[in-house]
């Protein structure tokens, strides 16, 4: 993989001075088209060996391009707000919006590679992480992003010479750290792990370009041209000229039995039972949330369900048992402008709670495979790929100690009708019912099918769906509190 | 100030049970109108003595209202991202958008009061901070926010009894900390400092309501009603029924001399001088930015100027000397939806750099008193009050160690015409010129007057304006680099 980058590539000063103005002009031109169209973001990863000049390249691009539309993301040590959340949170929050170029200096590759070189993780774990990264990048591309990855390569000898040269002048000596020399000693191991990482993540949609970095002229021009060619090709192609490939959704079961139909909606509790059970469960939840070990985890509740199934009331029964300082209710409405300039899951990632905190999502990322699917708001290939992206998302939450509790509140068509009517007749509840609700209701069976597919494809051991019979509000609320307590208790037991 | 809150106010259980449903329903009703109009945010500060039940009140409001539209902000110890920025940054980032209610549990009052009680600041400094807070709240109200401040009061005796009662049960003993008892010993001092703080910040637009907190029923109902009454009154009144009062702008000088006219626009540098000076200044800037003390401060550059004055080119000469990891260029365009749901300065606060970092604003918060004033986009009273708000903003930056370098790049009408024409003729620059530029040009003298007013009202010792003759780009760039270096050098010298 590195053979072509060890040939001693070089460009003369004269040739460099001749080429640079052309590349600059073309880059700036492409950037302006990008800014005006504001149709996709450009994500440039600047990786490679120490001394290869990742920093120089970033500075150079900022000089060549219009820096107003470039966001440099130096991903050094994470801040405490970042440490308190799943690993990928900081990268999501650093993604450039459509129309801008994000230059990552240090990226999602840094930690996996370093961890493996220093023996902190095994090879299999490295591969798992790389596969996760490849899927993440694929999602970015499917969402429209242009992902350009350049790897600046030096031979061991060239690296040593670079360090020695830098150290020979007081003006640049500070650039070489003790860690650099320590890494240099492990050059061969770094090379091996990097090779593997590049190999496993060089995909058709986001390939690596290895650049020999010994001669700065050659390096700069090659990086500039790589970015330029990718931008021009993407601008020419327009959005989604290459469609996402996806299989059609599966047919419904032949005997028309499904998980929703099998739910026993007649289950109920008397007022007396409810009045006895609810406070006990709330007390239990409160106690769990005050457990010392709770500070080590966080909880995400996902509330989905038929219209008028009682999500709001259930949420209030949970929050009533929690300390207001540690939870947030996140109602999901139409995405804002800033959210629309980002990949679909971005607006959910931004509400992922920090350790010790709880987020309650009132509707969620499942909108894509429910309402957006049924109403035809999103093309089929896009919602088909969403299943996998969602599983990946929840996987990265759970791996980090986030308890994900997903609740589907199911009511019958008759019960829904009764509730709609009652809402229309109580002045105070009238705001809760509108023409959209009546429209959705007509598509009952399409929604049911979407729910069943969702359960089949996204109910995992790590983040299972809980289907709650909600015709009786008392039963549903008690059941939800119980589910919440059980899930948290189990997670607490697993701490340490 | 606390007399009325030491009368032993109480409400019977029966009365409480009768009143609560009414208050809840009315609150929820008001909240729904707020959500639907999405016209202003509600900011509730829950302050008061330890043991007064600030936390209980917050939990209660979340139970009474729809928690989806309430954001609880528990302002405990700041995170490291917050510590690295001016004090008020964390409060700005926590402000609720229009249509939502932000409940602050711990607020901008906490630190000033505690610092004074423990003798960390003098009385005069407390007053200065309180005046700053009063202006901040006034700005919030002028921007449309409803600010409700409740102070939960207990006598010393009632506080002791509350602590003892909490400690008597294992279920609540954890709520009383050693710090609570330590503060209790200083009850009289706390009372005195709190009284002063309330007195100095109880304004017509954001008054304090002191609530006796001995009896929880009385306390809860009073807080609920206070919020309710304020919301209803604000909803009835509609937006801005009470206009902001502002004097008219001052007339221009009778002899028509002004700071812009006095600028010598003929100043220039030869190519040779420029080629010699620029790299030296860039090297100096680079060296300054690598100074160890630089990590203790941050720098904000404000670039304003006539259209085509050369802001972009000047910015690139600065960034060319800086390490890409530590700066951000912030181009100011039309506000996004999320930004429009916040006070005017919010979108600038969000880009305030952390320590050791540099933000370069390409156009800035001065838009309000320049283009928005001249084009009539903002009513006169609003841009008139902006001068003071901007001075406050910059003041809170500078006090925290942010170096604010404000640059006005001035060119003559003739030079601008030449540049516009040249832009129209170079394919590559055509995107830089549009009908808007020609329109603005017609209002040359109105802009000039706005610039002079801006300098008169916002050029302060802490954050002075630098007027740069920019007819000659070489002269301007060298001058700007020099100004930047001088300002940073001075700030570095002041570290320790």
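Residue numbers (the working numbering), protein chains in the order written: chain A, 1 to 496; chain B, 1001 to 1496.
Glycine included, each C-beta is placed from N, C-alpha and C at the ideal position.
Just so we're clear, the structure is a prediction, and the values are computed from it rather than from any experiment.
Cβ pair residue i, residue j closer than 9 Å
i: residue 117 of chain A; j: residue 129 of chain A; result: no
i: residue 1099 of chain B; j: residue 1038 of chain B; result: yes
i: residue 1451 of chain B; j: residue 1302 of chain B; result: no
i: residue 170 of chain A; j: residue 342 of chain A; result: no
i: residue 319 of chain A; j: residue 288 of chain A; result: no
i: residue 1283 of chain B; j: residue 1321 of chain B; result: yes
i: residue 1248 of chain B; j: residue 1380 of chain B; result: yes
i: residue 297 of chain A; j: residue 492 of chain A; result: yes
i: residue 235 of chain A; j: residue 26 of chain A; result: no
i: residue 1313 of chain B; j: residue 1153 of chain B; result: no
i: residue 1200 of chain B; j: residue 1127 of chain B; result: yes
Where residue i falls: helix, strand or coil (DSSP)
i: residue 1326 of chain B; result: helix
i: residue 1291 of chain B; result: coil
i: residue 466 of chain A; result: strand
i: residue 205 of chain A; result: coil
i: residue 285 of chain A; result: helix
i: residue 1042 of chain B; result: strand
i: residue 1049 of chain B; result: coil
i: residue 1262 of chain B; result: coil
i: residue 443 of chain A; result: coil
i: residue 143 of chain A; result: coil
i: residue 477 of chain A; result: helix
i: residue 1214 of chain B; result: coil
i: residue 255 of chain A; result: coil
i: residue 1277 of chain B; result: helix
i: residue 1362 of chain B; result: strand
i: residue 1012 of chain B; result: coil
C-alpha distance - residue i paired with residue j, whole-angstrom precision
i: residue 63 of chain A; j: residue 1367 of chain B; result: 27 Å
i: residue 1222 of chain B; j: residue 1211 of chain B; result: 7 Å
i: residue 460 of chain A; j: residue 1111 of chain B; result: 46 Å
i: residue 1272 of chain B; j: residue 1279 of chain B; result: 12 Å
i: residue 133 of chain A; j: residue 1285 of chain B; result: 38 Å
i: residue 230 of chain A; j: residue 207 of chain A; result: 11 Å
i: residue 1294 of chain B; j: residue 1402 of chain B; result: 11 Å
i: residue 1004 of chain B; j: residue 1395 of chain B; result: 38 Å
i: residue 1108 of chain B; j: residue 1340 of chain B; result: 23 Å
i: residue 191 of chain A; j: residue 8 of chain A; result: 18 Å
i: residue 40 of chain A; j: residue 389 of chain A; result: 19 Å
i: residue 1423 of chain B; j: residue 1143 of chain B; result: 39 Å
i: residue 1411 of chain B; j: residue 1309 of chain B; result: 6 Å
i: residue 73 of chain A; j: residue 106 of chain A; result: 8 Å
i: residue 1091 of chain B; j: residue 1344 of chain B; result: 15 Å
i: residue 1165 of chain B; j: residue 1045 of chain B; result: 26 Å
Supposed close pair residue i, residue j - CB separation, criterion 8 Å
i: residue 209 of chain A; j: residue 150 of chain A; result: 5 Å
i: residue 1347 of chain B; j: residue 1335 of chain B; result: 6 Å
i: residue 357 of chain A; j: residue 407 of chain A; result: Contact doesn't hold; Cβ gap of about 19 Å is too wide.
i: residue 1409 of chain B; j: residue 1258 of chain B; result: In fact, because the Cβ distance is near 17 Å, the residues do not count as touching under 8 Å.
Beta carbon proximity, residue i to chain B, threshold 9 Å
i: residue 58 of chain A; result: yes
i: residue 101 of chain A; result: no
i: residue 315 of chain A; result: yes
i: residue 91 of chain A; result: no
i: residue 79 of chain A; result: yes
i: residue 74 of chain A; result: yes
i: residue 447 of chain A; result: no
i: residue 62 of chain A; result: yes
i: residue 323 of chain A; result: yes
i: residue 301 of chain A; result: no
Minimum Cβ-Cβ distance from residue i to chain A less than 9 Å
i: residue 1342 of chain B; result: no
i: residue 1230 of chain B; result: no
i: residue 1338 of chain B; result: yes
i: residue 1290 of chain B; result: yes
i: residue 1326 of chain B; result: yes
The ligand NAP heavy atom lying under 8 Å from the CB of residue i
i: residue 1306 of chain B; result: Questions concerning the ligand NAP fall outside what the structure shown contains, since it holds no ligand whatsoever.
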